[in-house]
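S.K.:
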């Protein structure tokens, strides 16, 4: 089988890579020795036909097995570097779209799992085929999600994490990563504004679970006996969040046995911000009906409109009524790193808990979600079962570093290293300039849309990186803005999106919201994006819109 | 340039770094321009001193930026390959232990996060320093956890996952991985024995959360109104699990609002197996007290003793009383792949749900946990909130492939690719021979312990890969086996473990269990391990034990 190699690594780079491994793996440091090896080393790069994984480390620990292992790893890396290069090349597509049935056909038996092993040549080919059909989420013209981009430091950090392959369970098996988690969480709490970064926290598998931790802690504070006796002994607990908040708040009400009907949606104003007066009114109604309000979640950057709830005003209401104050800034938390834009989260230091996902605005690879709490120890009291067969109390080191018993997971992936490494490489100023730059692009996009015909904003003055708008095709522009037009407009974005995906040139999300017909939600979070990419998207929407 | 920690940033470098961030953020890409402005700066691209991440992709897309990116990646890979080689070298230590305070000292300001960025030379040094203090979980003599070993295919699969950096949210952004998840989960259900692999399932962030899904689904089946109304409207739901089961079952009772007091621990026999008669008795007691039994979890490979509950007998009791039958074989699930050992899980096809962690016995990197359910659709009914702003119903492709709304996460890490790739590379027969081989080693270890003086088994005939035993030092062997001896024996394993960690030569877990004093739990799950490594561990325990 002729295996087409990526083009980025020239023969010389390959030789160098091979030489690096060979010399390092033999533990030889002398330059002369290395050069001798480089001179005599003749790599055969298409050598994996009929070679199976059992011939790699850890099974074959011979010199040859070690060499083969490093060659195999370098082949995979070559494929990955090629993908990275293409993802950053604007002349390549963002995706090569196929409907599920046709993608199954295209991949054919490549997808099957059978009795017999495949050779490593096939495994390399599998990697290439997989990447061929991946959506290039790092492409400068991928605008579809809140999480976009591919940061090289985060990525290589994740590679190291996979190689270290340990569990954030105890200090015993993750000493360095445990210390890093403490350092990064402390830093995040300092940035939130809690004194000396004091408090508690943990990395959770995504913002939805981070929010779950917050509701759990709040429930424990008001009704600790629920842990042992269940929700049947508690009063009817009521929680509040805006109608624009992330759906995980409501889902957590379902999971925790609070019930979605006891999660009250607070009205929002024209900008999509929670109305504190409505919160107060709903709290009173809940109390009058015998319920016990205990939790409110303010959103710092809503999913669709990117709106920030007025945290200070919500805190005033919350604390007056004794509620736990949570801020879900999974999306907007990164703004805290910008001197110019941290005002969006004014008052956040008053919160009891904060969800903040560095895998969104800060550009860490998936996943990296922090839940930060003001009160030290509540996580452990709430979640600990003191399983002494897992968390031995008679260890020879300071077991306060064992974080496992405050998590709701047992095994827990190391999500901190990549973020720590990024922070080393960027510094605070690197994150700040990244966020300021994205905001500049958001303002640029807004200006462009205002200058062109046929674009209408969902909210007139977006304050963040979400810019939501309708594209109104020429033949609809004369129509009165009534429900009849809405019916037609509702179909425009899905149609343009479908054509866009078939072409594969760019990707942007759309959705309805309440009674509003489908609109585009442009998200600017990709550090690779430049103004030209934004122009490209607008042009593409216009072009496709006229084909309707 | 030495890799000395933290001494790299001179005033000039900082200035340059800050400058680069600002110019790049203005979209100026020309390195020549930058250099003109900086005057005397002369970069040496063969090294990474004074080179910052802004000079890599995606910021610098020039040929030089691409080359630099690939060089940087190869440098990281070189460090990782070196770590892999050392992890497989028996002459290296498993860990270089430091107490938390002294590790902080050793790493020094290398751990700090500051205003300013570090150059890539420092980042490479950070990676090396981090790995230096990692516990080598892939080392052939690391026996401390259920998850050990480092599989090259799983690891490179995880690297690809990090590079593809997408979210298992919708088919739209994870088309290939969504298909792979369907294929792998179907395969796992076939192996469980469900007809044609039908049913439902999802990958969860660890076994504890997989178990949470099971209890959620069971609660939904018996009391669907809990989703909207909360646990206050439900009868007092009671769940059952053996006293040796994983603590997450009980913790899930706390989380879900059932209450830990309503999670009843069923007695176990001398081998640690749940006693079906006690289950039936406890069900009757619960009913008599007005409770509603709804869920039982049988364990397939307990954490400490590696015991398998009698699934068929438990099913008989469970179904007689209308309970949801769950099998938590997070640890033992891999045994299903062995014709010889799948009998340990006889009856599993009768279960309603199964937790099975390929990151344990099957050797996938962390994390990879499946929750499999017999009933198609229950996950979605239970967890879906039909948030149409996230799961648009008018997409142009078959949206039954969008898995996001049945998850309790929103963003979800791609845990399937590495497992799929391993399965391609090993085939069923590869997994089977791996598991059979580990069982051979377990039998070997048991034989060795029987032949030597001073070793006593916790259970006489371990049936799986956990071998639990006491080491009784010479000066205690004459003592009668009474509580006085137990008090002394309780201190032996922690002391030996502490010395073992200080020496760093091998690592094995210990814990108490019920009234039993601390004992060693040897787990054989590392494909790198050979009989000599087992001899080494026993010798080491004897050697250290005599130093007490």
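Chains as they are written, first to last, in our numbering: chain A, 1 to 548; chain B, 1001 to 1548. C-beta atoms are modelled at their ideal positions from N, C-alpha and C, and glycine is treated no differently. Nothing here was measured: the structure is a model prediction, and the numbers come from that model.
1. At a CB-CB cut-off below 8 Å, which residues of chain B make contact with residue 135 of chain A?
2. Look at the alpha carbon of residue 1466 of chain B and the alpha carbon of residue 1527 of chain B, and state the distance between them as a whole number of angstroms.
3. Applying a beta-carbon distance threshold of less than 7 Å, which residues of chain A neighbour residue 1236 of chain B?
4. Could you tell me the distance, in whole angstroms, from the CA atom of residue 945 of chain B to the CA atom of residue 1125 of chain B?
5. Say whether chain B places a C-beta atom closer than 8 Å to the C-beta of residue 430 of chain A.
6. Would you check if the distance between the CB atom of residue 95 of chain A and the CB atom of residue 507 of chain A is smaller than 8 Å?
7. Using Cβ-Cβ distances below 7 Å, what residues of the stretch 207 to 227 of chain A are close to chain B?
8. Evaluate the contact criterion for the stretch 1313 to 1329 of chain B versus the stretch 1347 to 1356 of chain B: three or more CB pairs, one atom per stretch, below 8 Å.
9. Check the C-beta distance from residue 177 of chain A over to residue 518 of chain A and give it rounded, since I have them as a contact under 8 Å.
10. Which whole-angstrom value describes the C-beta separation of residue 1079 of chain B and residue 1131 of chain B, a residue pair presumed to lie in contact below a C-beta threshold of 8 Å?
11. Taking the alpha helix (DSSP H) that residue 117 of chain A belongs to, which residues open and close that run?
12. If we define contact as Cβ-Cβ less than 8 Å, is residue 329 of chain A a contact residue for chain B?
13. Does DSSP classify residue 1200 of chain B as helix, strand or coil?
14. Round the Cβ separation of residue 1279 of chain B and residue 1240 of chain B to the nearest angstrom and send it over; I've been treating them as touching at under 8 Å.
15. Can you give the Cα-Cα distance for residue 490 of chain A and residue 327 of chain A, rounded to whole angstroms?
16. Assuming residue 1372 of chain B and residue 1185 of chain B are in contact, meaning their beta carbons sit under 8 Å apart, how far apart are those beta carbons, in whole angstroms?
17. For residue 1386 of chain B and residue 1165 of chain B, I'd like the C-alpha separation in whole angstroms.
18. Inspect the beta-carbon positions of residue 403 of chain A and residue 210 of chain A and report whether they are closer than 8 Å.
19. Just to confirm the assignment, what range does the alpha helix (DSSP H) spanning residue 247 of chain A have?
20. Please report whether the beta-carbon of residue 1105 of chain B lies at a distance below 8 Å from any beta-carbon of chain A.
21. Between the Cα of residue 501 of chain A and those of A/492, A/150 and A/97, spot the shortest distance and give me the residue it belongs to.
22. So the alpha helix (DSSP H) residue 1420 of chain B belongs to, where does it begin and stop?
23. Quick one: any contact between the stretch 1194 to 1214 of chain B and the stretch 1223 to 1239 of chain B, if contact means 3 or more CB pairs under 8 Å?
24. Return the residue from the list B/1325, B/1324 and B/1343 that minimises the CA-CA distance to residue 1333 of chain B.
25. Give me, in chain order, the residues of the same chain whose beta-carbon lies closer than 7 Å to that of residue 1212 of chain B; leave out the 5 immediate sequence neighbours on both sides.
26. Please list the partners that residue 1072 of chain B has in chain A, where partner means a Cβ-to-Cβ separation under 8 Å.
27. If we define contact as Cβ-Cβ less than 8 Å, is residue 426 of chain A a contact residue for chain B?
28. What residues from chain A crowd round residue 1398 of chain B, counting only those whose CB sits closer than 9 Å?
29. Just to confirm my understanding: we take residue 259 of chain A, look at its own chain, exclude 5 residues before and 5 after, and list those with CB closer than 7 Å. What are they?
30. Is residue 304 of chain A near residue 521 of chain A, with beta carbons less than 8 Å apart?
31. Going along the chain, which residues of the stretch 1520 to 1538 of chain B sit with their C-beta nearer than 7 Å to a C-beta in chain A?
32. For residue 105 of chain A and residue 1235 of chain B, what's the separation of their Cα atoms in angstroms?
33. Can you give, in chain order, each stretch of the alpha helix (DSSP H) that sits fully within the stretch 1063 to 1141 of chain B and has at least 4 residues?
34. Where do the N-terminal and C-terminal ends of the beta strand (DSSP E) with residue 1518 of chain B fall, by residue?
35. Expressed to the nearest angstrom, what Euclidean distance is found between the alpha-carbon atoms of residue 1432 of chain B and residue 84 of chain A?
36. Using a Cβ-Cβ cut-off of less than 8 Å, give me the residues of the stretch 256 to 286 of chain A that come near chain B, in sequence order.
M.R.: Reading off the structure:
1. In the first chain, residue 135 of chain A corresponds to position 135, counting from 1. Here the neighbours are 1166, 1172, 1173, 1174 and 1175.
2. As a working mapping, residue 1466 of chain B is identified with position 466 in the second chain. As a working mapping, residue 1527 of chain B is identified with position 527 in the second chain. Each residue's alpha carbon lies about 15 Å from the other.
3. The sequence position of residue 1236 of chain B within the second chain is 236, counting from 1. Correct list: 232.
4. Nothing about residue 945 of chain B can be read from this structure; chain B reaches only from 1001 to 1548.
5. Numbered from its first residue, the first chain carries residue 430 of chain A at position 430. Yes, its Cβ sits closer than 8 Å to a Cβ of chain B.
6. Locating residue 95 of chain A in the first chain gives position 95, counting from the first residue. Locating residue 507 of chain A in the first chain gives position 507, counting from the first residue. Between residue 95 of chain A and residue 507 of chain A, the C-beta gap is smaller than 8 Å, which places the two residues in contact.
7. Under the 7 Å Cβ criterion, the stretch 207 to 227 of chain A contributes 207, 208, 209, 216, 226 and 227.
8. Counting C-beta pairs with one atom in each stretch, the stretch 1313 to 1329 of chain B and the stretch 1347 to 1356 of chain B have three or more that are closer than 8 Å, which means they touch.
9. Indexing the first chain from 1 puts residue 177 of chain A at position 177. Indexing the first chain from 1 puts residue 518 of chain A at position 518. So it is not a contact: roughly 43 Å between Cβ atoms.
10. Position 79 of the second chain, counted from the first residue, corresponds to residue 1079 of chain B. Position 131 of the second chain, counted from the first residue, corresponds to residue 1131 of chain B. Indeed they touch by this definition, with Cβ atoms about 7 Å apart.
11. Within the first chain, residue 117 of chain A is the residue found at index 117, counting from 1. No alpha helix (DSSP H) holds residue 117 of chain A; DSSP gives it neither H nor E.
12. Within the first chain, numbered from 1, the residue matching residue 329 of chain A stands at position 329. With its beta carbon at least 8 Å from every one in chain B, residue 329 of chain A lies outside the interface.
13. As a working note, residue 1200 of chain B is residue 200 in the second chain. Here residue 1200 of chain B sits in strand by DSSP.
14. Mapped onto the second chain, residue 1279 of chain B falls at position 279. Mapped onto the second chain, residue 1240 of chain B falls at position 240. Sure, about 6 Å apart at Cβ, within 8 Å.
15. To locate residue 490 of chain A, count along the first chain from 1; it is residue 490. To locate residue 327 of chain A, count along the first chain from 1; it is residue 327. So the alpha carbons of these two residues sit roughly 32 Å apart.
16. Numbered from 1 along the second chain, position 372 holds the residue referred to as residue 1372 of chain B. Numbered from 1 along the second chain, position 185 holds the residue referred to as residue 1185 of chain B. That belief holds up - the Cβ atoms of residue 1372 of chain B and residue 1185 of chain B are roughly 7 Å apart, short of 8 Å.
17. Locating residue 1386 of chain B in the second chain gives position 386, where the first residue counts as 1. Locating residue 1165 of chain B in the second chain gives position 165, where the first residue counts as 1. Looking at the two C-alpha atoms, the distance is approximately 25 Å.
18. The residue labelled residue 403 of chain A in the question sits at position 403 within the first chain. The residue labelled residue 210 of chain A in the question sits at position 210 within the first chain. Taking 8 Å as the Cβ cut-off, residue 403 of chain A and residue 210 of chain A do not qualify as a contacting pair.
19. In the first chain, the residue the question calls residue 247 of chain A occupies position 247. Looking at the DSSP string, the run of the alpha helix (DSSP H) that includes residue 247 of chain A is 247 to 255.
20. Indexing the second chain from 1 puts residue 1105 of chain B at position 105. Residue contact with chain A for residue 1105 of chain B: absent (no Cβ-Cβ distance below 8 Å to any residue of chain A).
21. Here residue 501 of chain A corresponds to residue number 501 of the first chain, with the count starting at 1. Closest option to residue 501 of chain A, Cα to Cα, is A/97.
22. Your numbering for residue 1420 of chain B matches position 420 in the second chain. Segment 1417 to 1451, the alpha helix (DSSP H) holding residue 1420 of chain B.
23. no
24. Residue numbering aside, residue 1333 of chain B sits at position 333 when the second chain is read from its first letter. Taking only the C-alpha atoms, the option nearest residue 1333 of chain B is B/1343.
25. Translated into the one-based positions of the second chain, residue 1212 of chain B becomes position 212. 1252 and 1255.
26. By one-based count along the second chain, residue 1072 of chain B stands at place 72. Residue 1072 of chain B reaches chain A at 152 and 156, counting residues in chain order whose Cβ is nearer than 8 Å.
27. Counting from 1 along the first chain, the entry for residue 426 of chain A is found at position 426. With respect to chain B, the C-beta atom of residue 426 of chain A has a partner C-beta closer than 8 Å.
28. Reading the second chain from its first residue, position 398 is the one you call residue 1398 of chain B. What residue 1398 of chain B touches in chain A: 99, 100 and 101.
29. Translated into positions along the first chain, residue 259 of chain A becomes position 259. Counting only Cβ-Cβ distances below 7 Å, and skipping sequence neighbours, we find 253.
30. Taking the first residue of the first chain as position 1, residue 304 of chain A is located at position 304. Taking the first residue of the first chain as position 1, residue 521 of chain A is located at position 521. Yes; because the gap between Cβ atoms is below 8 Å, this pair is in contact.
31. 1527 and 1528
32. As a first step, residue 105 of chain A must be located in the first chain, where it is residue number 105. As a first step, residue 1235 of chain B must be located in the second chain, where it is residue number 235. Straight-line Cα distance between these residues: approximately 50 Å.
33. 1063 to 1087, 1100 to 1107 and 1120 to 1132
34. Counted from its first residue, the second chain places residue 1518 of chain B at position 518. Counting along the chain, the beta strand (DSSP E) containing residue 1518 of chain B begins and ends at 1516 to 1523.
35. For the purposes of this step, residue 1432 of chain B is identified with residue 432 of the second chain, where counting begins at 1. For the purposes of this step, residue 84 of chain A is identified with residue 84 of the first chain, where counting begins at 1. Distance between the alpha carbons of residue 1432 of chain B and residue 84 of chain A is about 36 Å.
36. Residues passing the 8 Å Cβ filter: 256, 257, 258, 259, 260, 261 and 262.
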